[in-house]
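The opening residue of the sequence shown carries number 1 in UniProt numbering; numbering runs sequentially from there.
In what follows, a structure is listed as structure tokens, so that the remarks can point back to it.
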Amino acid sequence: MSKARATADQVVKLIVGAGQASPSPPVGQRWVEFNARTAHIIPGTPTPVRVTVRPDRSFHFEVRTPTTSYLLLSAAQVEPVKGRLKGRHLNEVVGEISLKH
């Protein structure tokens, strides 16, 4: 059982700010490629990334699109607040967006 598990690819899901990944020694120069792939996105936008780690310790990453909730809140110009839903009703209007966004 452990042999089969050791030979399978492992998938790690991360959320990294676009263009802000630092090439530290454990990961290396692969994050330079991540920064290049996310150059068209506004820097700092939380971007989901799926990293597939193979048994030989090589890896491949797939950059996903930013989350819809983040894009809607930024289009409505709502500042992120820690614990945003605490003490608020779920149907409270926090901003408006139109088709021109």
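Note that CB positions come from ideal geometry on N, CA and C, so glycine has one too.
By the neighbour-count criterion, in which a residue is buried when 16 or more other Cβ atoms sit within 10 angstroms of its Cβ, V16 is buried. By the Cβ-count criterion, A36 is exposed, with fewer than 16 other Cβ atoms from all chains shown falling within 10 Å of its own Cβ. By the Cβ rule, the segment 6-14 counts as touching the segment 31-51, because three or more pairs are nearer than 8 angstroms.
When the Cα atoms are used, L72 and P23 turn out to be separated by approximately 30 angstroms. Linking E62 to E33 through their CA atoms gives a straight-line distance of about 11 angstroms. DSSP assignment within the segment 24-64 yields the following whole beta strand (DSSP E) runs of 3 residues or more, N-terminal first: 46-53 and 59-63. Judged by beta-carbon spacing, P55 lies within the 8 angstroms limit of T7, meaning their Cβ atoms are closer than that value.
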